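Heads up: the structure comes next, in structure tokens.
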Amino acid sequence: MSVLPLVLTSGWASGVNAYAVVLLLGIFGATGLSDDVPEALQRPEILVTVGVLFLCEAVADKIPYVDSVWDSVHTVIRPAVGAWVGALLAGQSGSLSDLTAALLGGSTALASHTVKAGTRMAVNTSPEPFSNIAVSTVEDLGVAGVVTLAVFHPWAAAVVAGALLFTGLAVLCFLLSRVRLFLRRRARRREERRTAAAVERPPGGTPYADRD
Numbered sequence: 001m002s003v004l005p006l007v008l009t010s011g012w013a014s015g016v017n018a019y020a021v022v023l024l025l026g027i028f029g030a031t032g033l034s035d036d037v038p039e040a041l042q043r044p045e046i047l048v049t050v051g052v053l054f055l056c057e058a059v060a061d062k063i064p065y066v067d068s069v070w071d072s073v074h075t076v077i078r079p080a081v082g083a084w085v086g087a088l089l090a091g092q093s094g095s096l097s098d099l100t101a102a103l104l105g106g107s108t109a110l111a112s113h114t115v116k117a118g119t120r121m122a123v124n125t126s127p128e129p130f131s132n133i134a135v136s137t138v139e140d141l142g143v144a145g146v147v148t149l150a151v152f153h154p155w156a157a158a159v160v161a162g163a164l165l166f167t168g169l170a171v172l173c174f175l176l177s178r179v180r181l182f183l184r185r186r187a188r189r190r191e192e193r194r195t196a197a198a199v200e201r202p203p204g205g206t207p208y209a210d211r212d
């Protein structure tokens with residue numbers, strides 16, 4: 001069977017949480033639940049490392065503004081992991097060239113990372129922290145569910161990942177438009193307050209309201 005759907009799915013998931021992808025695939029391979037997982041992903045040192053990093057991301061990803069800093073740091077890491085996993089899967093399967101799989105995995109990871117990072121920037125405009133926790137939890141569960149589905153039903157998982165990616169892009173465009181509107185309104189209110197303050201207190205003079 002072609003490894004293409006697994007490459008696309010793992011690429012999408014890597015853009016959201018690269019450490020969870022490597023950890024889940026490694027566990028599936030190490031426990032014998034899947035024969036499609038390369039040995040490199042099953043090595044104990046790899047599993048321990050990504051396990052620790054996954055825990056770090058699980059915390060950082062739920063703190064407002066810290067999540068955006070974390071995302072900016074992973075702008076290169078997540079696509080690189082998506083490309084690496086794709087190349088390993090292709091090498092294990094032999095049904096797709098390593099270079100093609102790396103390009104597919106990396107580009108898909110970059111697209112989903114853009115959706116994740118942009119969505120988080122929009123969510124961070126809310127004054128309360130609970131939306132960050134909710135969004136992060138949904139993302140983690142989504143990655144776990146899609147990767148698990150990909151191991152047993154790769155084509156179905158690829159369809160789900162594709163739908164999530166396009167939906168995410170649409171939601172991101174909507175959120176960014178709302179954020180731009182919010183920023184324009186805030187800038188206009190600030191300008192109105194500065195203008196009102198300048199009228200009440202002319203330069204070098206006494207406020208008009210205090211004059212006889």
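Read the sequence shown against the working numbering and you will find it ends at 212, with the numbers running on by one and no gaps.
Idealized CB from N, CA, C, for every residue including glycine.
Here the structure is a predicted model, which is why all the values come from computation and not from measurement.
query	result
With the cut-off set at 8 Å, would you say residue 20 and residue 143 are in Cβ contact?	yes
Going by Cα to Cα distance, which pick from 190, 78 and 64 is closest to residue 53?	78
Work out the CA separation of residue 175 and residue 47 for me, nearest whole Å.	36 Å
For residue 62, I'd like the list of residues in its chain whose CB is within less than 7 Å of its CB, leaving aside the five on either flank, ordered along the chain.	132, 133 and 136
Around the C-beta of residue 120, are 16 or more other C-beta atoms found within 10 angstroms, so that it is buried, or is it exposed?	buried
Pull up the CB-CB distance for residue 8 and residue 108, whole angstroms please, since I reckon it's below 8 Å.	6 Å
Just the Cα atoms here: how many angstroms apart are residue 146 and residue 185?	39 Å
Considering Cα atoms alone, identify which of 58, 114, 189 and 106 is closest to residue 138.	58
Does residue 53 come within less than 8 Å of chain B when only Cβ atoms are used?	The structure shown contains no chain B; it holds only a single protein chain.
How about residue 98 and residue 90: do their beta carbons lie closer than 8 Å?	yes
Does the beta-carbon of residue 75 have 16 or more other beta-carbons within 10 angstroms, so that it is buried, or is it exposed?	exposed
Only counting the same chain, and skipping five residues up and downstream in sequence, which positions put a Cβ closer than 8 Å to that of residue 15?	78, 79, 82, 108, 109, 110, 111, 112, 113, 114, 115 and 116
Determine the closest residue to residue 22 out of 33, 35 and 43, with distance taken between C-alpha atoms.	43
By DSSP, does residue 153 sit in helix, in strand, or in coil?	coil
Output the boundary residues of the alpha helix (DSSP H) element that contains residue 31.	Element bounds for residue 31: n/a, residue is neither H nor E.
Indicate whether residue 86 and residue 104 have their beta-carbon atoms separated by less than 8 Å.	yes
Within a Cβ cutoff of 7 Å, which residues of the same chain sit near residue 95, ignoring the five residues on either side of it in sequence?	2 and 3
Applying the criterion that 16 or more other CB atoms from any shown protein chain within 10 Å of the CB defines a buried residue, is residue 11 buried or exposed?	buried
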